[in-house]
Each structure stands twice: as C-alpha cells, then as structure tokens.
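>
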Amino acid sequence: MSRAQVDDVLTVDHLVRRFGDLVAVDDVSFRIAPGETYGLLGPNGAGKTTAISMIAGLLRADGGSVTVAGHAMAPDAVEPKRHLGLVPQDLAIYPELTAKENLRFFGKLQGLRGAELTQRVQEVLDLIGLADRAKDRAKEYSGGMKRRLNIGVGLLHKPELLILDEPTVGVDPQSRNSILESVEALSVEGMAVLYTTHYMEEAERLCDRIGIIDSGRLAAEGTRDELIQLTGGTDTIRLGGSGDLTAAAARLREHPGVEQVDADRAGLTLTVRDAPTLVAALVGVATDSGVRLADVEITRPDLESVFLHVTGKALRN
Numbered sequence: 001m002s003r004a005q006v007d008d009v010l011t012v013d014h015l016v017r018r019f020g021d022l023v024a025v026d027d028v029s030f031r032i033a034p035g036e037t038y039g040l041l042g043p044n045g046a047g048k049t050t051a052i053s054m055i056a057g058l059l060r061a062d063g064g065s066v067t068v069a070g071h072a073m074a075p076d077a078v079e080p081k082r083h084l085g086l087v088p089q090d091l092a093i094y095p096e097l098t099a100k101e102n103l104r105f106f107g108k109l110q111g112l113r114g115a116e117l118t119q120r121v122q123e124v125l126d127l128i129g130l131a132d133r134a135k136d137r138a139k140e141y142s143g144g145m146k147r148r149l150n151i152g153v154g155l156l157h158k159p160e161l162l163i164l165d166e167p168t169v170g171v172d173p174q175s176r177n178s179i180l181e182s183v184e185a186l187s188v189e190g191m192a193v194l195y196t197t198h199y200m201e202e203a204e205r206l207c208d209r210i211g212i213i214d215s216g217r218l219a220a221e222g223t224r225d226e227l228i229q230l231t232g233g234t235d236t237i238r239l240g241g242s243g244d245l246t247a248a249a250a251r252l253r254e255h256p257g258v259e260q261v262d263a264d265r266a267g268l269t270l271t272v273r274d275a276p277t278l279v280a281a282l283v284g285v286a287t288d289s290g291v292r293l294a295d296v297e298i299t300r301p302d303l304e305s306v307f308l309h310v311t312g313k314a315l316r317n
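Just so we're aligned: 269 in the UniProt record's numbering is position 269 of the sequence shown, and the numbers increase by one with no gaps anywhere.
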C-alpha cells in the first residue's frame with residue numbers, strides 16, 4: 001500500500017527535546033499508517049523513551065510537532081490522547097486488584113460503561129491470555145503476566161495508536177513470547193503500533209518498518225529488507241576444508257552471484273548474493289575442484305549489522 005494512499009495515524013515531524021546541553025531527541029521524523037507496526041530500535045539511552053513521552057503528550061517538545069489521528073499533540077491537549085493507548089516501561093496496575101478489577105477500573109476512566117465495558121474486558125483478557133487468571137490479584141502474577149495486564153489496560157478503549165515502551169524488559173522467555181504474540185495480533189485488527197526495543201530479534205519479528213535511533217537521531221529507517229540493503233545486502237558463505245583451495249577459489253569467482261572469494265589455510269570465504277539459493281551449487285564447484293569440505297556456514301546480514309553500519313558501533317554497546 002502506498003504511503004500516499006492512507007491517512008497516517010501518527011505523524012512526527014522534526015521532533016527535538018533538550019535537557020540542558022544534552023539533546024536527547026534530535027530532529028526525529030517518522031509516520032505510522034493504520035495497521036502498521038513501527039519499531040524504534042536502539043540501545044538504552046538512545047532517546048526512545050523521551051521521544052514517546054513527547055508523542056504521548058507527557059513531555060513538551062522543544063521543537064517539531066506530533067499529530068495523532070489528525071489532532072495536534074501537546075501536554076494540555078485532550079482530543080489526540082483519546083486516540084492512543086500508552087503502555088509504559090513501569091507497570092501501571094494496582095497489585096491488590098484482580099486482573100478483571102484492574103481492567104474495569106481503567107475502562108471506566110476511559111469512558112466505558114455497562115455491557116460495553118464487560119464485553120471489552122473479556123475481549124482484552126482473551127487477547128492477553130489472562131482469562132483463566134482473571135480473578136487472581138495482580139500481585140500474585142509473574143512479571144510477564146503483569147506486563148501483559150499492563151498492555152491490556154492500554155488496549156481497552158480500542159485506540160487507533162498503541163505505544164509500547166520496551167514491554168518485554170525483565171520477563172522470562174515464555175512470557176516474552178506471549179507478549180510478542182499479543183502484539184502481532186494487534187495489527188491484524190488494524191491498530192497502529194509504535195514499539196520501542198533494544199532487542200534486534202523483536203524488531204525483526206514484529207515490525208513492518210523500523211527506525212534505528214542512536215544518540216537522539218534517527219540514523220536510518222525502512223523495512224527490514226530496505227535496511228539490510230544499506231550494508232550492501234551481501235551474504236557470507238564459509239567453506240571449511242582442505243585441498244586445492246587456490247583452484248577452487250578461481251572457479252568460484254567465475255560463478256554468477258559470487259562477488260568475492262578469499263582463501264586461507266582452513267578454507268574459503270565467499271561474499272555472495274542470496275546465499276541460500278547458491279550454496280548447493282557452490283559446494284558442488286568446490287568439491288569438483290578438489291576441496292575436501294569439513295563444514296559449511298552461511299552468515300546473512302541482520303539488524304545488528306545495519307546498526308553497526310549506520311552508527312559505527314554495535315547495538316548492544
């Protein structure tokens with residue numbers, strides 16, 4: 001779908017926020033369409049939480065603008081906040097209340113009443129996988145279950161935009177997977193999602209488009225494949241083995257799709273386009289050239305590679 005064919009749920013234009021001499025968010029711009037999951041990927045301290053605090057109207061921007069569902073956002077603006085749900089890093093639930101009581105309480109704050117509230121609470125409990133624990137107090141939940149309840153609170157009023165700030169931090173792998181499955185279901189319902197994370201694999205799994213943020217600036221933006229192309233889009237095949245490596249290297253350099261071949265004492269390293277479709281043929285060329293293969297390894301570029309390419313440092317630094 002063309003970006004020009006939809007009305008974006010969120011528009012962020014040249015957003016700036018300073019804290020004294022520190023520029024925490026530096027000229028950040030991006031847009032999110034209905035049904036799209038957009039990821040802000042970057043390390044801790046990159047400016048993700050500051051950016052979403054301005055987007056949600058919790059913090060005033062020093063420059064730029066935010067529009068949610070066609071309404072200008074500001075700390076004192078009411079209308080744009082009706083269209084978004086915010087799930088912060090810190091839990092915003094009452095531990096002494098059950099899941100159902102928490103959801104009913106927050107649902108009433110959001111203007112839901114009667115049968116509509118009852119129905120929506122049940123729908124959210126099913127979505128976040130807590131229907132069977134609905135009558136248990138939140139304090140009895142695991143960390144992951146509390147996180148899922150936190151997400152449920154943000155979903156109750158069916159916002160057009162849901163903001164999730166590092167929702168899987170500190171949870172066990174099983175709960176993390178449940179949270180990711182819940183988020184995956186949201187875009188199917190047409191909800192726009194802004195998802196911040198420093199986990200590369202989460203961004204790759206969930207996000208239609210990704211903005212790489214570092215030191216307050218948006219260093220790159222696009223789909224996963226578009227971002228991979230920034231690195232050159234090439235794969236590496238390592239053919240470990242022995243034999244006539246020089247002759248094999250010469251033949252392999254002539255094969256379509258092979259851009260570079262380097263030989264050393266332990267084998268051959270090939271730079272290629274689309275390794276999975278080439279590897280069988282290249283193994284055949286190598287063995288026909290007298291190479292006795294011991295192992296074959298394929299390395300494909302990922303978002304870690306992209307982050308290193310556009311920022312000059314590893315994502316997890």
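From the three backbone atoms N, C-alpha and C, an ideal C-beta is built for every residue, glycine too.
Going by C-alpha distance, which of L278, V261, A280, L194 is nearest I151?
Taking the sequence shown and counting its residues from 1, the one referred to as residue 151 is at position 151. It is L194.
> How about the region 261-270 and the region 215-222: do they share at least three Cβ pairs that are nearer than 8 Å?
no
> To the nearest angstrom, how far is the alpha carbon of G257 from that of C207?
If you number the sequence shown from 1, residue 257 lands on position 257. If you number the sequence shown from 1, residue 207 lands on position 207. Those two C-alpha atoms are separated by around 29 Å.
> Rounded to whole angstroms, what is the Cα-Cα separation between T50 and A99?
For the purposes of this step, residue 50 is identified with residue 50 of the sequence shown, where counting begins at 1. For the purposes of this step, residue 99 is identified with residue 99 of the sequence shown, where counting begins at 1. Distance between the alpha carbons of T50 and A99 is about 29 Å.
> For E254, does the three-state DSSP call read helix, strand or coil?
Counting from 1 along the sequence shown, the entry for residue 254 is found at position 254. DSSP places E254 in coil when its eight states are reduced to three.
> Taking the alpha carbon of S296 as the point to measure from, which residue in A248, F307, G240 has its own alpha carbon closest?
Residue 296 sits at position 296 when you count from the first residue of the sequence shown. This sequence places Val at residue 296; Ser is not what is there. Here the closest residue by C-alpha is G240.
> Provide the residue span of the alpha helix (DSSP H) that contains I93, from first to last.
On the sequence shown, position 93 is the one that residue 93 refers to. Note, I93: premise wrong, no alpha helix (DSSP H); not H, not E.
> Which value, in whole angstroms, describes the spacing of the CA atoms of T37 and L161?
The sequence position of residue 37 within the sequence shown is 37, counting from 1. The sequence position of residue 161 within the sequence shown is 161, counting from 1. Straight-line Cα distance between these residues: approximately 10 Å.
> So for T119, helix, strand or coil by DSSP?
Along the sequence shown, one-based indexing puts residue 119 at 119. Correcting the residue identity first, residue 119 is Gln in this sequence and not Thr. In this structure, Q119 counts as helix in the three-state DSSP scheme.
> In whole angstroms, give me the CA-to-CA distance for D172 and G144.
For the purposes of this step, residue 172 is taken as the residue at position 172 of the sequence shown. For the purposes of this step, residue 144 is taken as the residue at position 144 of the sequence shown. C-alpha separation (whole angstroms): 7 Å.
> Which same chain residues end up closer than 6 Å to R292 when comparing Cβ atoms and leaving out the 5 residues on each side of it in sequence?
Looking up residue 292 in the sequence shown gives position 292. Cβ within range, chain order: G241, S242, G243.
> Would you be able to state if there are at least three C-beta pairs under 8 Å between the region 68-76 and the region 99-109?
no
> Would a C-beta distance cut-off of 8 Å place G233 and P301 closer than the cut-off?
For the purposes of this step, residue 233 is taken as residue 233 along the sequence shown, with counting starting at 1. For the purposes of this step, residue 301 is taken as residue 301 along the sequence shown, with counting starting at 1. Yes, the pair counts as a contact, with Cβ atoms nearer than the cut-off.
> In the DSSP assignment, what are the bridge partners of S65?
Position 65 of the sequence shown, counting from 1, holds the residue named residue 65. In DSSP, S65 forms a bridge with D13.
> Counting Cβ pairs, one atom from each stretch, are 3 or more of them under 8 Å apart for the region 118-138 and the region 71-86?
no
> Check E304 in the structure and name its three-state DSSP category.
As a first step, residue 304 must be located in the sequence shown, where it is residue number 304. If DSSP states are grouped into helix, strand and coil, E304 belongs with the helices.
> Closest to P80 by C-alpha separation, out of L91, P95, M54, L97, would be which residue?
Sequence index remark: in the sequence shown, residue 80 carries index 80 (1-based). With distances taken between Cα atoms, P80 lies closest to M54.
> Please report the straight-line C-alpha distance between A275 and F106, rounded to a whole angstrom.
The sequence position of residue 275 within the sequence shown is 275, counting from 1. The sequence position of residue 106 within the sequence shown is 106, counting from 1. Rounded to whole angstroms, A275 to F106 spans 51 Å at the Cα level.
> Restricting to runs no shorter than 4 residues, where is the alpha helix (DSSP H) found entirely within the region 156-240?
173-188, 200-206, 224-229
> Note down the Cα distance separating A220 from L97, rounded to an integer number of angstroms.
Here the question's residue 220 lines up with position 220 in the sequence shown. Here the question's residue 97 lines up with position 97 in the sequence shown. Distance between the alpha carbons of A220 and L97: 43 Å.
> Where are the beta strand (DSSP E) runs, 3 residues long or more, that stay fully inside the region 261-312, in chain order?
267-272, 291-299
> Quick check on R18: does DSSP put it in helix, strand or coil?
Numbered from its first residue, the sequence shown carries residue 18 at position 18. Looking at R18 - three-state DSSP - the assignment turns out to be strand.
> How would you label S142, buried or exposed, when you count the other beta carbons within 10 angstroms and need 16 or more for buried?
By one-based count along the sequence shown, residue 142 stands at place 142. If you draw a 10 Å sphere on the C-beta of S142, you find fewer than 16 other C-beta atoms in it, and that means exposed.
> Per DSSP, what kind of secondary structure is G132 in: helix, strand or coil?
Working through the sequence shown from its first residue, we reach residue 132 at position 132. A small correction: the amino acid at residue 132 is Asp; Gly does not occupy that position in the sequence shown. The answer is helix: DSSP assigns D132 an H, G or I state.
> Take every Cβ of the region 182-196, pair it with every Cβ of the region 23-40, and state whether three or more of those distances are shorter than 8 Å.
With a cut-off of 8 Å, the region 23-40 and the region 182-196 count as touching, because enough Cβ pairs lie within range.
> Using only the alpha-carbon positions, how far apart do A248 and Q229 sit?
As a working note, residue 248 is residue 248 in the sequence shown. As a working note, residue 229 is residue 229 in the sequence shown. Near 29 Å, if we compare the C-alpha coordinates of Q229 and A248.
> Which of the three DSSP states is assigned to A138 in this structure?
Numbered from its first residue, the sequence shown carries residue 138 at position 138. Looking at A138 - three-state DSSP - the assignment turns out to be helix.
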